[in-house]
Amino acid sequence: MIPLSVLDLVSVREGGTVGQALDISVATARAAERAGYKRYWVAEHHGMDGIAGGATSVVLAHLGNATSTIRIGSGGIMLPNHTPYVIAEQFGTLAALFPGRVDLGLGRAPGADGRLAQALRKDIHGAAERFPNDVVELQARFAGQAAGGVPSPQAAGADVEMWLLGSSLFGAQLAAMLGLPYAFASHFAPAALDEAAKVYRERFQPSETLDRPHFMAAINVVAADTDEEAAYLASSTDQSFVALRTGNPGRLLPPVRGYRETLPGSARAMLEQVRSVSAVGNPQTVRAGIEEFVARTQADELIVSIATYDPAAQIRSLELTMEALGQAPALT
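With the sequence shown counted from 1, adding 1 to any position gets you my numbering.
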(Lines of atoms letter the chains of each structure in order from A and count residues from 1; the text may use other names and numbers.)
(Lines give C-alpha, C1' and ligand atoms only; values in the text may rest on other atoms or scores of the structure.)
Protein backbone atom coordinates (compact mmCIF):
# COMPACT_ATOMS: atom_id res chain seq x y z
CA MET A 1 0.00 0.00 0.00
CA ILE A 2 0.94 3.63 -0.47
CA PRO A 3 1.93 5.91 2.44
CA LEU A 4 -0.84 7.11 4.77
CA SER A 5 -0.93 10.41 6.63
CA VAL A 6 -3.36 12.12 9.03
CA LEU A 7 -5.33 15.36 8.70
CA ASP A 8 -6.35 16.88 12.05
CA LEU A 9 -8.83 19.73 12.47
CA VAL A 10 -7.95 19.94 16.20
CA SER A 11 -11.62 19.50 16.99
CA VAL A 12 -13.04 20.97 20.19
CA ARG A 13 -15.55 18.54 21.68
CA GLU A 14 -18.87 19.59 23.13
CA GLY A 15 -18.18 20.23 26.82
CA GLY A 16 -14.43 20.41 26.22
CA THR A 17 -11.86 23.20 25.92
CA VAL A 18 -9.24 24.34 23.44
CA GLY A 19 -6.55 23.06 25.78
CA GLN A 20 -8.15 19.62 25.85
CA ALA A 21 -8.40 19.63 22.04
CA LEU A 22 -4.68 20.33 21.80
CA ASP A 23 -3.92 17.55 24.29
CA ILE A 24 -5.98 15.14 22.18
CA SER A 25 -4.06 16.17 19.07
CA VAL A 26 -0.76 15.49 20.83
CA ALA A 27 -1.94 12.02 21.86
CA THR A 28 -3.23 11.34 18.35
CA ALA A 29 -0.01 12.53 16.70
CA ARG A 30 2.04 10.28 18.96
CA ALA A 31 -0.21 7.35 18.12
CA ALA A 32 0.04 8.11 14.40
CA GLU A 33 3.82 8.16 14.68
CA ARG A 34 3.85 4.80 16.49
CA ALA A 35 1.49 3.29 13.91
CA GLY A 36 3.67 4.32 10.97
CA TYR A 37 1.80 7.25 9.42
CA LYS A 38 4.04 9.49 7.31
CA ARG A 39 2.67 12.98 7.96
CA TYR A 40 0.48 14.76 10.49
CA TRP A 41 -1.16 17.85 9.05
CA VAL A 42 -3.21 20.54 10.80
CA ALA A 43 -5.82 22.65 8.99
CA GLU A 44 -6.13 26.41 9.40
CA HIS A 45 -9.64 27.63 10.25
CA HIS A 46 -10.64 30.89 11.93
CA GLY A 47 -13.68 32.06 13.86
CA MET A 48 -15.04 28.53 14.39
CA ASP A 49 -15.84 27.47 17.93
CA GLY A 50 -15.24 23.79 17.17
CA ILE A 51 -11.81 24.02 15.49
CA ALA A 52 -8.69 24.98 17.43
CA GLY A 53 -5.98 24.94 14.74
CA GLY A 54 -6.15 28.58 13.68
CA ALA A 55 -2.66 29.41 14.97
CA THR A 56 -1.35 26.61 12.79
CA SER A 57 2.38 27.17 13.11
CA VAL A 58 2.08 27.34 16.91
CA VAL A 59 0.12 24.08 16.98
CA LEU A 60 2.73 22.45 14.72
CA ALA A 61 5.53 23.50 17.04
CA HIS A 62 3.65 21.90 19.92
CA LEU A 63 3.14 18.68 17.95
CA GLY A 64 6.74 18.68 16.76
CA ASN A 65 7.99 18.82 20.34
CA ALA A 66 5.68 15.93 21.27
CA THR A 67 6.91 13.66 18.45
CA SER A 68 10.25 12.71 16.95
CA THR A 69 9.97 11.21 13.45
CA ILE A 70 6.58 11.88 11.84
CA ARG A 71 6.47 14.80 9.42
CA ILE A 72 4.36 17.74 10.61
CA GLY A 73 2.71 20.26 8.36
CA SER A 74 -0.21 22.42 7.32
CA GLY A 75 -3.17 21.02 5.49
CA GLY A 76 -3.23 23.83 4.88
CA ILE A 77 -2.17 27.37 5.46
CA MET A 78 -4.71 29.61 3.73
CA LEU A 79 -2.19 31.96 2.18
CA PRO A 80 -4.61 34.84 1.40
CA ASN A 81 -4.97 35.27 5.18
CA HIS A 82 -1.25 36.04 5.50
CA THR A 83 1.76 37.61 3.85
CA PRO A 84 4.28 35.28 2.23
CA TYR A 85 7.04 36.87 4.30
CA VAL A 86 5.46 35.92 7.63
CA ILE A 87 4.72 32.34 6.50
CA ALA A 88 8.32 32.02 5.26
CA GLU A 89 9.57 33.09 8.70
CA GLN A 90 7.21 30.79 10.57
CA PHE A 91 7.89 27.66 8.54
CA GLY A 92 11.60 28.40 8.22
CA THR A 93 11.69 28.51 12.01
CA LEU A 94 9.76 25.24 12.24
CA ALA A 95 12.26 23.65 9.84
CA ALA A 96 15.13 24.80 12.08
CA LEU A 97 13.39 23.29 15.11
CA PHE A 98 12.42 20.02 13.40
CA PRO A 99 14.90 19.36 10.56
CA GLY A 100 13.64 17.18 7.73
CA ARG A 101 10.11 17.00 9.12
CA VAL A 102 8.22 20.11 7.98
CA ASP A 103 5.59 20.35 5.22
CA LEU A 104 3.92 23.56 4.06
CA GLY A 105 0.61 22.87 2.37
CA LEU A 106 -0.89 26.02 0.86
CA GLY A 107 -4.52 26.73 0.01
CA ARG A 108 -6.05 29.59 -1.96
CA ALA A 109 -9.55 29.64 -0.49
CA PRO A 110 -9.61 32.32 2.22
CA GLY A 111 -12.41 30.63 4.14
CA ALA A 112 -13.49 33.95 5.59
CA ASP A 113 -16.46 36.25 5.38
CA GLY A 114 -16.26 40.04 5.45
CA ARG A 115 -16.18 40.24 9.23
CA LEU A 116 -13.24 37.88 9.50
CA ALA A 117 -11.45 39.66 6.68
CA GLN A 118 -11.79 42.86 8.66
CA ALA A 119 -10.53 41.15 11.82
CA LEU A 120 -7.51 39.88 9.90
CA ARG A 121 -6.96 43.37 8.40
CA LYS A 122 -6.67 41.77 4.97
CA ASP A 123 -8.06 42.32 1.50
CA ILE A 124 -8.61 38.57 1.33
CA HIS A 125 -10.22 38.44 -2.09
CA GLY A 126 -7.46 40.55 -3.59
CA ALA A 127 -4.90 38.33 -1.89
CA ALA A 128 -6.59 35.26 -3.35
CA GLU A 129 -6.04 36.71 -6.82
CA ARG A 130 -2.34 37.14 -5.99
CA PHE A 131 -2.04 33.55 -4.74
CA PRO A 132 0.16 32.26 -7.61
CA ASN A 133 2.60 35.14 -7.18
CA ASP A 134 2.67 34.65 -3.42
CA VAL A 135 3.48 30.94 -3.84
CA VAL A 136 6.37 31.85 -6.15
CA GLU A 137 7.59 34.40 -3.60
CA LEU A 138 7.60 31.73 -0.90
CA GLN A 139 9.63 29.44 -3.15
CA ALA A 140 12.11 32.26 -3.71
CA ARG A 141 12.46 33.00 0.00
CA PHE A 142 13.11 29.35 0.86
CA ALA A 143 15.69 29.34 -1.95
CA GLY A 144 17.50 32.20 -0.20
CA GLN A 145 16.41 35.04 -2.48
CA ALA A 146 15.63 38.45 -0.98
CA ALA A 147 12.28 39.00 -2.66
CA GLY A 148 11.56 42.70 -2.98
CA GLY A 149 15.04 43.41 -1.62
CA VAL A 150 14.10 42.16 1.88
CA PRO A 151 15.88 38.98 3.07
CA SER A 152 14.21 36.25 5.13
CA PRO A 153 17.06 34.85 7.26
CA GLN A 154 14.89 32.22 8.96
CA ALA A 155 13.59 30.95 5.62
CA ALA A 156 16.71 31.04 3.48
CA GLY A 157 17.75 27.49 2.67
CA ALA A 158 15.12 25.99 4.98
CA ASP A 159 14.22 22.36 4.30
CA VAL A 160 10.47 22.86 3.88
CA GLU A 161 8.46 20.58 1.59
CA MET A 162 5.90 22.77 -0.19
CA TRP A 163 2.55 21.40 -1.36
CA LEU A 164 -0.42 22.98 -3.09
CA LEU A 165 -3.88 22.03 -1.85
CA GLY A 166 -7.20 22.37 -3.57
CA SER A 167 -10.78 21.28 -4.11
CA SER A 168 -11.12 22.51 -7.71
CA LEU A 169 -9.11 22.59 -10.92
CA PHE A 170 -7.30 25.84 -10.11
CA GLY A 171 -4.91 24.30 -7.59
CA ALA A 172 -4.31 21.31 -9.85
CA GLN A 173 -3.33 23.58 -12.73
CA LEU A 174 -1.03 25.74 -10.58
CA ALA A 175 0.66 22.76 -8.92
CA ALA A 176 1.27 21.24 -12.35
CA MET A 177 2.71 24.48 -13.72
CA LEU A 178 5.07 24.95 -10.76
CA GLY A 179 6.05 21.27 -10.52
CA LEU A 180 4.86 20.93 -6.92
CA PRO A 181 3.13 18.02 -5.14
CA TYR A 182 -0.63 18.39 -5.02
CA ALA A 183 -3.19 17.32 -2.40
CA PHE A 184 -6.93 17.24 -3.14
CA ALA A 185 -9.57 17.83 -0.44
CA SER A 186 -11.80 14.97 -1.54
CA HIS A 187 -12.80 14.25 2.06
CA PHE A 188 -15.28 17.14 1.93
CA ALA A 189 -15.36 18.26 -1.73
CA PRO A 190 -15.22 15.13 -3.89
CA ALA A 191 -16.98 16.47 -7.00
CA ALA A 192 -13.87 17.49 -8.98
CA LEU A 193 -11.52 14.79 -7.65
CA ASP A 194 -11.09 12.71 -10.79
CA GLU A 195 -10.82 15.65 -13.16
CA ALA A 196 -8.36 17.49 -10.89
CA ALA A 197 -6.10 14.44 -10.70
CA LYS A 198 -6.24 14.09 -14.48
CA VAL A 199 -5.46 17.76 -15.12
CA TYR A 200 -2.59 17.74 -12.63
CA ARG A 201 -0.95 14.68 -14.17
CA GLU A 202 -1.46 15.73 -17.79
CA ARG A 203 -0.15 19.28 -17.34
CA PHE A 204 2.65 18.57 -14.88
CA GLN A 205 5.97 20.28 -15.68
CA PRO A 206 9.09 18.82 -14.02
CA SER A 207 10.89 21.16 -11.63
CA GLU A 208 13.80 21.19 -9.21
CA THR A 209 11.30 19.95 -6.63
CA LEU A 210 9.78 17.04 -8.58
CA ASP A 211 10.56 15.22 -11.81
CA ARG A 212 7.10 13.59 -11.96
CA PRO A 213 3.61 14.31 -10.55
CA HIS A 214 2.99 13.45 -6.91
CA PHE A 215 -0.69 13.33 -5.99
CA MET A 216 -2.27 12.96 -2.55
CA ALA A 217 -6.00 12.43 -1.99
CA ALA A 218 -7.92 12.88 1.26
CA ILE A 219 -10.43 10.33 2.54
CA ASN A 220 -12.63 10.11 5.65
CA VAL A 221 -11.76 6.99 7.62
CA VAL A 222 -13.32 5.57 10.77
CA ALA A 223 -12.37 2.00 11.71
CA ALA A 224 -13.86 0.05 14.61
CA ASP A 225 -14.48 -3.55 15.54
CA THR A 226 -17.80 -3.66 13.67
CA ASP A 227 -19.44 -1.75 10.83
CA GLU A 228 -22.21 -0.67 13.20
CA GLU A 229 -19.81 0.75 15.77
CA ALA A 230 -17.83 2.61 13.10
CA ALA A 231 -21.00 4.19 11.68
CA TYR A 232 -21.98 5.23 15.20
CA LEU A 233 -18.59 6.86 15.82
CA ALA A 234 -18.64 8.58 12.41
CA SER A 235 -21.99 10.22 13.21
CA SER A 236 -20.15 12.93 15.16
CA THR A 237 -18.49 14.23 11.99
CA ASP A 238 -21.72 13.62 10.07
CA GLN A 239 -23.38 16.06 12.46
CA SER A 240 -20.54 18.55 11.96
CA PHE A 241 -20.92 18.44 8.16
CA VAL A 242 -24.67 18.99 8.37
CA ALA A 243 -24.23 21.84 10.85
CA LEU A 244 -21.61 23.50 8.64
CA ARG A 245 -23.64 23.19 5.45
CA THR A 246 -26.73 24.59 7.14
CA GLY A 247 -24.87 27.62 8.50
CA ASN A 248 -24.70 26.51 12.12
CA PRO A 249 -21.18 25.17 12.77
CA GLY A 250 -20.31 24.24 16.32
CA ARG A 251 -18.31 21.84 18.45
CA LEU A 252 -17.88 18.13 17.81
CA LEU A 253 -20.96 16.43 19.24
CA PRO A 254 -21.39 13.00 20.82
CA PRO A 255 -22.33 10.24 18.36
CA VAL A 256 -25.94 9.33 17.67
CA ARG A 257 -27.03 5.86 16.59
CA GLY A 258 -28.97 5.89 13.35
CA TYR A 259 -28.23 9.60 12.86
CA ARG A 260 -28.59 9.61 9.07
CA GLU A 261 -32.02 8.03 9.30
CA THR A 262 -33.19 11.02 11.37
CA LEU A 263 -32.37 13.51 8.60
CA PRO A 264 -34.80 14.83 5.99
CA GLY A 265 -34.19 13.56 2.48
CA SER A 266 -32.40 16.68 1.22
CA ALA A 267 -30.00 16.79 4.16
CA ARG A 268 -29.30 13.06 3.87
CA ALA A 269 -28.53 13.40 0.15
CA MET A 270 -26.20 16.32 0.84
CA LEU A 271 -24.40 14.39 3.54
CA GLU A 272 -24.04 11.27 1.42
CA GLN A 273 -22.54 13.34 -1.41
CA VAL A 274 -20.11 15.18 0.85
CA ARG A 275 -19.13 11.98 2.66
CA SER A 276 -18.97 9.81 -0.45
CA VAL A 277 -15.18 9.59 -0.21
CA SER A 278 -15.09 7.56 3.00
CA ALA A 279 -14.07 4.21 4.42
CA VAL A 280 -16.15 3.55 7.53
CA GLY A 281 -16.50 0.11 9.09
CA ASN A 282 -14.65 -2.85 10.50
CA PRO A 283 -11.02 -3.40 9.41
CA GLN A 284 -12.03 -5.51 6.40
CA THR A 285 -14.55 -2.90 5.26
CA VAL A 286 -12.01 -0.10 5.68
CA ARG A 287 -9.34 -2.01 3.79
CA ALA A 288 -11.70 -2.66 0.88
CA GLY A 289 -12.79 0.99 0.82
CA ILE A 290 -9.23 2.30 0.82
CA GLU A 291 -8.09 -0.18 -1.83
CA GLU A 292 -11.01 0.82 -4.05
CA PHE A 293 -10.16 4.52 -3.55
CA VAL A 294 -6.50 3.95 -4.40
CA ALA A 295 -7.47 2.03 -7.53
CA ARG A 296 -9.78 4.87 -8.56
CA THR A 297 -7.36 7.74 -7.94
CA GLN A 298 -3.97 6.08 -8.50
CA ALA A 299 -2.83 8.41 -5.71
CA ASP A 300 0.78 8.40 -4.58
CA GLU A 301 -0.29 9.03 -0.98
CA LEU A 302 -3.51 9.17 1.03
CA ILE A 303 -4.30 11.45 3.94
CA VAL A 304 -7.05 10.30 6.28
CA SER A 305 -9.37 12.72 8.02
CA ILE A 306 -10.77 11.51 11.30
CA ALA A 307 -12.45 13.07 14.32
CA THR A 308 -14.43 11.01 16.81
CA TYR A 309 -15.95 12.35 19.99
CA ASP A 310 -14.12 9.72 22.02
CA PRO A 311 -10.37 10.40 21.69
CA ALA A 312 -9.53 6.76 22.44
CA ALA A 313 -11.74 5.63 19.55
CA GLN A 314 -9.93 8.11 17.29
CA ILE A 315 -6.56 6.59 18.14
CA ARG A 316 -7.94 3.07 17.87
CA SER A 317 -9.27 3.86 14.41
CA LEU A 318 -5.83 4.96 13.22
CA GLU A 319 -4.30 1.79 14.63
CA LEU A 320 -6.93 -0.51 13.13
CA THR A 321 -6.57 1.14 9.74
CA MET A 322 -2.83 0.51 9.61
CA GLU A 323 -3.28 -3.04 10.85
CA ALA A 324 -5.97 -3.70 8.23
CA LEU A 325 -3.64 -2.55 5.48
CA GLY A 326 -0.77 -4.65 6.81
CA GLN A 327 1.39 -1.60 7.42
CA ALA A 328 1.52 -1.56 11.22
CA PRO A 329 5.11 -1.67 12.50
CA ALA A 330 6.30 -4.86 14.13
CA LEU A 331 6.35 -4.88 17.91
CA THR A 332 9.82 -4.83 19.48
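Every residue, glycine too, gets a C-beta built ideally from N, C-alpha and C.
On the CB-based measure, 16 or more other CB atoms within 10 Å of its CB, does residue i come out buried or exposed?
i, result
"Asp135", "buried"
"Thr322", "buried"
"Ser267", "exposed"
"Asp226", "exposed"
"Lys199", "exposed"
"Pro265", "exposed"
"His126", "exposed"
"Pro255", "exposed"
"Val151", "exposed"
"Ala120", "exposed"
"Asn82", "buried"
"Val87", "exposed"
"Arg14", "buried"
"Thr57", "buried"
"Gly106", "buried"
"Ala289", "exposed"
"Gly76", "buried"
"Glu162", "buried"
Can you give me the C-alpha to C-alpha distance between residue i and residue j, rounded to a whole angstrom?
i, j, result
"Asn66", "Val27", "9 Å"
"Ser236", "Asp311", "12 Å"
"Asp104", "Ala193", "24 Å"
"Phe189", "Ala97", "33 Å"
"Pro41", "Gly149", "For clarity, residue 41 is Tyr in the given sequence; the question names Pro instead. The alpha-carbon atoms of Tyr41 and Gly149 are separated by roughly 33 Å."
"Gly251", "Pro284", "30 Å"
"Val223", "Gly16", "22 Å"
"Val137", "Leu80", "12 Å"
"Arg317", "Thr29", "10 Å"
"Gln299", "Leu319", "22 Å"
"Asp124", "Gly115", "9 Å"
"Val19", "Phe185", "28 Å"
"Gln274", "Pro191", "8 Å"
"Thr247", "Glu203", "37 Å"
"Glu209", "Val278", "32 Å"
If I measure Cβ to Cβ from residue i and keep anything under 8 Å in the same chain, skipping five residues before and after, which residues do I get?
i, result
"Asp239", "Tyr260, Arg261, Leu272 and Arg276"
"Ala147", "Ser153"
"Arg213", "Phe205 and Pro207"
"Val243", "Leu264, Ala268, Met271 and Leu272"
"Val60", "Val11, Leu23, Ser26, Val43, Ala53 and Gly54"
"Lys39", "Pro4, Leu5, Ser6, Ile71, Arg72 and Glu302"
"Leu332", "Residue confidence for Leu332 is low, a pLDDT of 46 falling below 50, so the modelled location carries little weight and cannot support an answer."
Report all residues from its chain with a CB closer than 6 Å to the CB of residue i; omit the five preceding and five following residues, and keep chain order.
i, result
"Leu211", "Gly180"
"Ala314", "Leu234"
"Pro182", "Trp164 and His215"
"Asp9", "Ser26 and Val43"
"Glu302", "Ile3, Pro4 and Met217"
"Ile291", "Ala280"
"Gly282", "Asp228 and Ala231"
"Ala129", "Pro81, Arg109 and Pro111"
"Arg122", "none"
"Ala325", "Pro284, Val287 and Arg288"
"Leu245", "none"
"His63", "none"
"Ala141", "Ala148"
"Phe294", "Ile220"
"Asn249", "none"
Does the beta carbon of residue i sit closer than 8 Å to a beta carbon anywhere in chain B?
i, result
"Arg297", "Absent here is chain B; the protein component of the structure consists of one chain."
Tell me which same chain residues have a C-beta within less than 7 Å of the C-beta of residue i, skipping the five on either side of it?
i, result
"Gln206", "Ala177, Met178 and Gly180"
"Ser12", "Ala22, Gly51, Ile52, Leu253 and Ala308"
"Arg31", "Ala67 and Thr68"
"Gly145", "Ala157 and Gly158"
"Ala173", "Gly167, Tyr183, Ala197, Val200 and Tyr201"
"Gly55", "Glu45, His46 and His47"
Am I right that residue i and residue j are in contact with their C-beta atoms under 8 Å? What's the rounded C-beta distance?
i, j, result
"Phe132", "Arg109", "4 Å"
"Glu34", "Ile3", "Their Cβ separation, rounded to whole angstroms, is 18 Å, which puts Glu34 and Ile3 out of contact at 8 Å."
"Leu380", "Glu196", "Residue 380 lies beyond the residue range present for the chain, which begins at 2 and ends at 333; the question has no answer from this structure."
"Ala280", "Val287", "5 Å"
"Leu139", "Gly48", "Actually they do not touch by this definition, with Cβ atoms about 25 Å apart."
"Asp160", "Pro100", "6 Å"
"Arg102", "Ile73", "6 Å"
"Val305", "Val7", "6 Å"
"Ser241", "Ile220", "No, Ser241 and Ile220 are not in contact; Cβ-Cβ is about 17 Å, not under 8 Å."
Three or more C-beta pairs under 8 Å: does that hold for the stretch 146-165 against the stretch 83-93?
yes
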